[in-house]
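Counting from 25, one number per residue, gives the positions in the sequence shown under the working numbering.
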Amino acid sequence: MNLSLHDTLKARLGGKHCAVLGVGISNTPLIDFLLDLGAAVSAYDQKTRDALGDLPDKLEGKGVTLTLGSAAFDEITADVIFKSPGIRPDIPGILRAVDKGAELTSEMQLFFEYCPCHTIAITGSDGKTTTTTLISKILEADGKRVFLGGNIGAPLLPRIYDMTPDDYAVAELSSFQLQVMTRSPEVAVITNITPNHLNWHTGMEEYTEAKANILRFQENGTRAVLNYDNEITRALATRVAGEVTFVSTACKPDAPSAAYVEDGNVCLDGQPIMERSAILLPGRHNLENYLSATAALKGLVAPASIEKVARTFGGVEHRCELVRRLNGVRYYNSSIDSSPTRTMAALSNFPEKVIAICGGYDKHIPYEPLGTPLCRRAKVVLLTGATAPQIKEAVMASPAYAPGAPILVDCTDLADAVAKAHAIAKDGDVVLLSPASASFDSFKNFEERGKFFKTKVNELK
Numbered sequence: 025m026n027l028s029l030h031d032t033l034k035a036r037l038g039g040k041h042c043a044v045l046g047v048g049i050s051n052t053p054l055i056d057f058l059l060d061l062g063a064a065v066s067a068y069d070q071k072t073r074d075a076l077g078d079l080p081d082k083l084e085g086k087g088v089t090l091t092l093g094s095a096a097f098d099e100i101t102a103d104v105i106f107k108s109p110g111i112r113p114d115i116p117g118i119l120r121a122v123d124k125g126a127e128l129t130s131e132m133q134l135f136f137e138y139c140p141c142h143t144i145a146i147t148g149s150d151g152k153t154t155t156t157t158l159i160s161k162i163l164e165a166d167g168k169r170v171f172l173g174g175n176i177g178a179p180l181l182p183r184i185y186d187m188t189p190d191d192y193a194v195a196e197l198s199s200f201q202l203q204v205m206t207r208s209p210e211v212a213v214i215t216n217i218t219p220n221h222l223n224w225h226t227g228m229e230e231y232t233e234a235k236a237n238i239l240r241f242q243e244n245g246t247r248a249v250l251n252y253d254n255e256i257t258r259a260l261a262t263r264v265a266g267e268v269t270f271v272s273t274a275c276k277p278d279a280p281s282a283a284y285v286e287d288g289n290v291c292l293d294g295q296p297i298m299e300r301s302a303i304l305l306p307g308r309h310n311l312e313n314y315l316s317a318t319a320a321l322k323g324l325v326a327p328a329s330i331e332k333v334a335r336t337f338g339g340v341e342h343r344c345e346l347v348r349r350l351n352g353v354r355y356y357n358s359s360i361d362s363s364p365t366r367t368m369a370a371l372s373n374f375p376e377k378v379i380a381i382c383g384g385y386d387k388h389i390p391y392e393p394l395g396t397p398l399c400r401r402a403k404v405v406l407l408t409g410a411t412a413p414q415i416k417e418a419v420m421a422s423p424a425y426a427p428g429a430p431i432l433v434d435c436t437d438l439a440d441a442v443a444k445a446h447a448i449a450k451d452g453d454v455v456l457l458s459p460a461s462a463s464f465d466s467f468k469n470f471e472e473r474g475k476f477f478k479t480k481v482n483e484l485k
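See the structure below:
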């Protein structure tokens, strides 16, 4: 444990009244961290006590003062306020508390203020989880010690005492987290910026500025990795204080530093790093993710470490994750695809027509847009769950549909769908779980559904 860092943080927060907005299991480590420093902690959450289960009793047993219910954020009393990412910073209760002298911060802000090791952070509308995971795995393959966190992995702040100057902290950051931050990483990656979370942000301008905040506090000697093919992201190059490395799957950017594809190779600044065909993950967007990771790790790892991960990494769990190869058939788990648009994106990853497993809980969303992509991208559609009739109707109503193209198969449940996929599939086929529906008809969440699918696939003989 880094005792000097602990003393520094204790001097900053010990004896202070800290308010944690948003309780939940995810904030429990933060509360424990603050209590360890000698802070007086109050926790605020708009959920009722009953909705939080036994957590309120546990927190009060540690000396935490709770304010719960719909009006919890109306009056906040604290020296320092730690805001959870999903809470807007401009709600009246926060603004009143700040006017009275409270400092507004967050777990991630405090981590970046005091982090003793190298920092790499990734944001973007799409691809950030896979890119973050790739960067972490490549660093590990190169022999580096890595702390993975942010939106994925364990919270980083409670692990700060174990970090050394030679280590790397790799963080996935959302627009919610970035909006109030006043620190930037040594290497900042923006995979792309497209309309997203506009029900939470006031508009596209605020959303873009929140993403751009990852660059705002960089200094000379830092790096920014930007998607050259995304107009909004490319335009942010003018704001970068350090070096810019562009990423493109479409061209060789006219820039001093860039990662791109040329003559079948992934290249960085004119040098081939590996063959494009080395990448196990399917789809152009995964090529883009590898280019982003390669650019972020410029000068930090050997090309052999990038290629090693490319040839072995089967994907982030439940996101077009390669589960198994059996008799020449590849089985992919994309259980996270709980909407037609996500399934449409998943289908586009594969050049061949797939055997798709679709269906699940009915969220009363339209399935008509999925009909034509399934006709064009699937040879067989195995249908299960409450939405099976709607998906079948969408396919048969598509102008691209012809009887038997795709073949439509009704299944009693997911286990039956896996069994029928196994019976149908031949050498060279792809079986893809991409439900286009939520999981709640049969499973607690998409993770449980994906794990069930993987179990059934791995039981196949």
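Idealized CB from N, CA, C, for every residue including glycine.
Only a predicted model underlies this, so the values are computations on that prediction, with no experimental measurement involved.
{"Asked": "Measure from the alpha carbon of Ser130 to the alpha carbon of each residue in Tyr356, Gln201, Ser359, Gly167, then state which is nearest.", "Found": "Gln201"}
{"Asked": "Would you check if the segment 302-317 and the segment 266-280 touch, i.e. whether three or more CB-CB distances between them fall below 8 Å?", "Found": "yes"}
{"Asked": "Considering Cα atoms alone, identify which of Leu407, Lys71, Leu350 is closest to Ser94.", "Found": "Lys71"}
{"Asked": "Sort Leu407, Tyr385, Lys387 by Cα distance to Gly395 and report the nearest one.", "Found": "Leu407"}
{"Asked": "By the 10 Å Cβ neighbour count, where 16 or more other Cβ atoms means buried, how is Ala319 classified, buried or exposed?", "Found": "buried"}
{"Asked": "How many Å lie between Gln242 and Cys139 at the Cα?", "Found": "15 Å"}
{"Asked": "Strictly by DSSP, which residues pair up with Ser66?", "Found": "Ala43, Thr89"}
{"Asked": "Just list the beta strand (DSSP E) runs in the segment 273-348, keeping only unbroken ones of 3 residues or longer that don't cross its boundaries, in chain order.", "Found": "282-286, 289-292, 295-299"}
{"Asked": "Cα separation between Thr246 and Phe476?", "Found": "43 Å"}
{"Asked": "According to DSSP, is Asn223 helix, strand or coil?", "Found": "coil"}
{"Asked": "If I'm right that Ile360 touches Ala441 with Cβ under 8 Å, what's the distance once you round it to whole angstroms?", "Found": "With a Cβ gap of about 17 Å, Ile360 and Ala441 do not count as contacting."}
{"Asked": "In chain order, which beta strand (DSSP E) runs of at least 3 residues are fully inside the segment 225-252?", "Found": "247-251"}
{"Asked": "Based on DSSP bridge pairs, tell me the residues matched to Val104.", "Found": "Cys42, Glu127"}
{"Asked": "Measure from the alpha carbon of Phe467 to the alpha carbon of each residue in Asp186, Ser362, Pro209, then state which is nearest.", "Found": "Ser362"}
{"Asked": "What's the gap between the Cα of Leu29 and the Cα of Gly62?", "Found": "15 Å"}
{"Asked": "In whole angstroms, give me the CA-to-CA distance for Asn373 and Val88.", "Found": "48 Å"}
{"Asked": "Answer yes if the segment 384-403 comes into contact with the segment 457-471, meaning at least three C-beta pairs across the two stretches below 8 Å, and no otherwise.", "Found": "yes"}
{"Asked": "Is Val419 helix, strand or coil by DSSP?", "Found": "helix"}
{"Asked": "My parser needs the alpha helix (DSSP H) runs of 4 or more residues fully inside the segment 436-480; what are they?", "Found": "438-448"}
{"Asked": "Bridge partners for Arg400 per DSSP, in chain order?", "Found": "Paired residue(s): none; Arg400 is not in a bridge."}
{"Asked": "Can you check DSSP and say which residues form a bridge with Tyr425?", "Found": "The partner list for Tyr425 (beta bridge, DSSP) is empty, contrary to what the question assumes."}
{"Asked": "Please report the residue range of the beta strand (DSSP E) in which Asp434 lies.", "Found": "431-434"}
{"Asked": "Would you kindly check if the distance between the Cβ of Val419 and the Cβ of Leu438 is under 8 Å?", "Found": "no"}
{"Asked": "Can the beta-carbon of Leu158 be found less than 8 Å from the beta-carbon of Asn175?", "Found": "no"}
{"Asked": "Just how far apart, CA to CA, sit Glu84 and Gly151?", "Found": "39 Å"}
{"Asked": "Compute the beta-carbon to beta-carbon distance between Phe106 and Ala43, rounded to the nearest angstrom, for a pair I have assumed lies under 8 Å.", "Found": "7 Å"}
{"Asked": "For Pro296, collect the residues of the same chain with a Cβ closer than 6 Å to its Cβ; drop the 5 residues on either side in sequence, then sort them by chain order.", "Found": "Asn289"}
{"Asked": "Taking Gly187 and Ala193 to be in contact with their CB atoms under 8 Å, please state how far apart those CB atoms are, rounded to whole angstroms.", "Found": "First, the amino acid is wrong: residue 187 is Met here, not Gly. With a Cβ gap of about 7 Å, Met187 and Ala193 count as contacting."}
{"Asked": "What separation, rounded to the nearest whole angstrom, lies between the Cα atoms of Thr206 and Arg240?", "Found": "8 Å"}
{"Asked": "According to DSSP, simplified to helix, strand and coil, what is Arg354?", "Found": "strand"}
{"Asked": "Would you report the Cα separation of Thr32 and Thr91, rounded to the nearest angstrom?", "Found": "29 Å"}
{"Asked": "Which word fits Ala447, buried or exposed, when buried means at least 16 other C-beta atoms lie within 10 angstroms of its C-beta?", "Found": "exposed"}
{"Asked": "On the DSSP letters alone, give me the boundaries of the alpha helix (DSSP H) that Ala165 sits inside.", "Found": "152-165"}
{"Asked": "Once the 5 residues before and after Val340 are set aside, which same chain residues still bring their CB inside 7 Å of it?", "Found": "Thr153, Thr154, Thr157"}
{"Asked": "Buried or exposed for Asp69, going by 16 or more other Cβ atoms inside 10 Å?", "Found": "buried"}
{"Asked": "Measure the Cβ-Cβ separation of Val347 and Ala449 and say whether it is below 8 Å.", "Found": "no"}
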